[in-house]
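K.L.:
Numbering (the numbering used here), first residue to last: 20 to 197.
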């Protein structure tokens with residue numbers, strides 16, 4: 020039931036590693052429950068997997084990186100499904116792809132994060148936004164800084180914009196940010 024947002028997704032490393040870690044915890048629980056014995060599903064299709072790449076949201080300005088991030092999550096999903104199959108002694112269908120990571124292309128400093136994922140559904144914001152010293156900012160980055168900070172920005176690093184956006188977004192919630 021947990022949901023995650025990386026508002027500076029890049030190639031999706033934070034999402035992919037978090038997904039793999041959660042799936043490994045899930046597989047550990049399945050192994051303990053199963054004790055290495057075959058699990059049999061009842062009527063219909065049996066799928067013990069509860070963690071989904073659909074629980075991961077992201078924003079990335081680079082269109083190619085968006086595609087890489089989504090692909091990385093699909094690859095991680097496939098790999099983890101194979102690990103689950105070895106635990107439950109049952110084949111799980113990966114294809115056709117029916118899951119999707121919710122990574123959108125856009126400038127995270129210019130879009131409303133609520134349009135990507137409603138904050139009432141979110142548990143964690145994570146990521147590694149770009150650090151760019153004030154004297155190294157491009158004109159577009161200066162415009163982003165002005166849009167976030169106005170005349171108060173001084174000599175702050177570009178990454179400070181993500182802190183402001185995250186702080187505003189998590190008001191009156193229990194969302195954790197790292």
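C-beta atoms are modelled at their ideal positions from N, C-alpha and C, and glycine is treated no differently.
These numbers come from a predicted model, not from an experiment.
Does the separation of the CB atoms of residue 76 and residue 136 fall below 8 Å?
P.N.:
Against a cut-off of 8 Å, the Cβ pair of residue 136 and residue 76 comes out as a contact.
K.L.:
Would you say residue 95 touches the ligand COA, meaning its beta carbon is less than 7 Å from a heavy atom?
P.N.:
Among the components of this structure there are no ligands whatsoever, and the ligand COA is therefore not found.
K.L.:
Output needed for residue 35: all residues of its chain with C-beta closer than 7 Å, excluding positions within five of it in sequence on either side, in chain order.
P.N.:
Closer than 7 Å at the Cβ level, and outside the excluded window around residue 35, lie 91, 92, 95.
K.L.:
If we call anything under 8 Å between Cβ atoms a contact, is residue 184 one with residue 127?
P.N.:
Yes, these two residues count as a Cβ contact at 8 Å.
K.L.:
Mind checking residue 27: buried by the 16 CB within 10 Å criterion, or exposed?
P.N.:
Counting Cβ neighbours within 10 Å, residue 27 comes out buried, since at least 16 surround it.
K.L.:
May I ask you to list the residues that DSSP assigns as paired with residue 44?
P.N.:
In the DSSP output, where bridge partners are listed per residue, residue 44 has none listed.
K.L.:
To the nearest angstrom, report how far apart residue 38 and residue 74 are at their CA atoms.
P.N.:
Taking the straight line from one Cα to the other gives about 9 Å.
K.L.:
If you draw a straight line from the C-alpha of residue 178 to the C-alpha of residue 108, how long is it?
P.N.:
If I take the Cα positions, the gap works out to 47 Å.
K.L.:
Using CA coordinates, which residue listed in 78, 119, 68, 125 is at the minimum distance from residue 111?
P.N.:
The option with the nearest alpha carbon to residue 111 is 68.
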